[in-house]
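Below is one structure, written out as structure tokens, with a few remarks after it.
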């Protein structure tokens, strides 16, 4: 059932709810016809029909108005990151780049999502998010392969786990925003109706996401240099292992019983990134990344599975990067400003958490 619903969501997007709304309206019309000739049945049926009708109306509002509000995220301008914008334009093309918002974040990550406002009447916008730590552990060649991977998600129409599917889910989000479960009858009924499918939905979305990652990896390899794509993937894998061991695990330990916020993770990651310039450290982390087990609940396959999809039976040889993408593609003042902002926000959030 979940696979059927998600398949319909991927194909029809927000209009998938019409498969529920139309039968609900038919039931409502039949119920209304009982008013004159069968008033007892009309009254008795109201306890069933009215919740169905109100839920259908909520779905209709979600279909019409989900995505009504345009995101106000500005991102970084081309003047602030000329090299990054030029690289993205060379990969995605000028038309796609013109409708892109480039956003920096404080995690080792790169992602792309798509926004379609007012049924696409205001056009589609892409939000390309790139982590500052990712820029610190890659060079321009590796970052180009990573951006080709993200561009493949757009070309394959699986951004947001498929734009249509995301709009379908946003319809539920819109309904729950104005009819919260637990406080409204409509929201509670709708939540109960889809709650029994939630685990199946999650499993199906994980399966689709993992397939999309493999497809995007192969597209990045076929559209450019396959060795560069594998190298970029392994650089990310080694950084992931290294940051887990040197940043996140110690940070979790320090937060236990802490009275004051410790050093923020972004500051630590940028410091630890320099250690990956050492061949021995790089090789050890690459081996650990290759051997890391697959997490069945993750939306991404294991590093070994992703490299195996590119034809590798063992981790390829990896040389340390000479010049980071962070130093060549982003103005230093802009980078420092964002780093300071991320560190300040994290510290403030931890202060609130520790004071509770």
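In this note's numbering, the protein residues as written are 42 to 397. Even for Gly, the Cβ is constructed at its ideal location relative to N, Cα and C.
Asked	Found
Whole-angstrom C-beta distance between residue 83 and residue 72, which should lie under 8 Å	7 Å
Segment contact flag, the stretch 243 to 252 with the stretch 291 to 299, C-beta cutoff 8 Å, min 3 pairs	no
Contacting residues, own chain, Cβ-Cβ under 8 Å from residue 352 (five flanking each side not counted)	267
Status (buried if at least 16 other CB within 10 Å, exposed otherwise) for residue 201	Note that residue 201 scores 49 on pLDDT, short of 50, meaning its location in the model is unreliable; the coordinates nonetheless yield the value given after this. Buried: at least 16 other Cβ atoms inside 10 Å.
Sequence ranges, alpha helix (DSSP H) only - wholly within the stretch 305 to 332, length at least 4	306 to 314 and 320 to 332
Closest residue to residue 148 among 300, 315, 301 and 284 (Cα-Cα distance)	284
Beta-carbon proximity of residue 347 to residue 258, cut-off 7 Å	yes
Helix, strand or coil at residue 229 according to DSSP, with G and I counted as helix	helix
Simplified DSSP assignment, three categories, for residue 220	coil
Same chain only: Cβ atoms within 6 Å of residue 382, ignoring 5 sequence neighbours per side	none
Span separating the alpha-carbon of residue 52 from that of residue 281	35 Å
Which of helix, strand or coil DSSP assigns to residue 297	coil
DSSP bridge partner residues for residue 165 (one or two, in chain order)	157
Contacting residues, own chain, Cβ-Cβ under 8 Å from residue 80 (five flanking each side not counted)	none
Cβ-Cβ distance between residue 121 and residue 366 below 7 Å	no
Per-residue DSSP class, three states only, for residue 87	helix
Selected residue, minimal CA-CA separation from residue 94, among 307, 264, 145 and 230	230
Nearest-angstrom beta carbon gap, residue 314 and residue 174 [assumed within contact, 8 Å]	7 Å
DSSP state of residue 201 mapped onto helix, strand, coil	Residue confidence for residue 201 is low, a pLDDT of 49 falling below 50, so the modelled location carries little weight; the figure read from the coordinates is stated next. Correct three-state label for residue 201: helix.
Rounded distance between the beta-carbons of residue 379 and residue 145, thought under 8 Å	5 Å
DSSP-derived helix/strand/coil call for residue 374	helix
Contact belief for residue 305 with residue 388 at Cβ below 8 Å, rounded distance in angstroms	6 Å
Three-state secondary structure assigned by DSSP to residue 388	helix
Nearest to residue 384 (by Cα), restricted to the options 311, 361 and 338	311
Simplified DSSP state of residue 124, which is helix, strand or coil	helix
Extent of the continuous alpha helix (DSSP H) to which residue 187 belongs	181 to 196
Per-residue burial, residue 300 [other beta carbons within 10 Å of its own, 16 or more giving buried]	exposed
C-beta atoms of residue 273 and residue 183 nearer than 7 Å	yes
6 Å Cβ shell around residue 331 - same chain, five flanking residues per side excluded	345 and 356
CB contact flag (residue 438, residue 125, <7 Å)	Because residue 438 is not part of the residues shown, which for the chain are 42 to 397, the question remains open.
Integer-rounded CB distance, given that residue 193 should sit under 8 Å from residue 170	That pair is no contact at about 16 Å.
Selected residue, minimal CA-CA separation from residue 244, among 377, 264 and 340	340
Of the listed residues 254, 63 and 225, nearest to residue 196 (C-alpha basis)	254
Backbone secondary structure at residue 382 - three-state DSSP	helix
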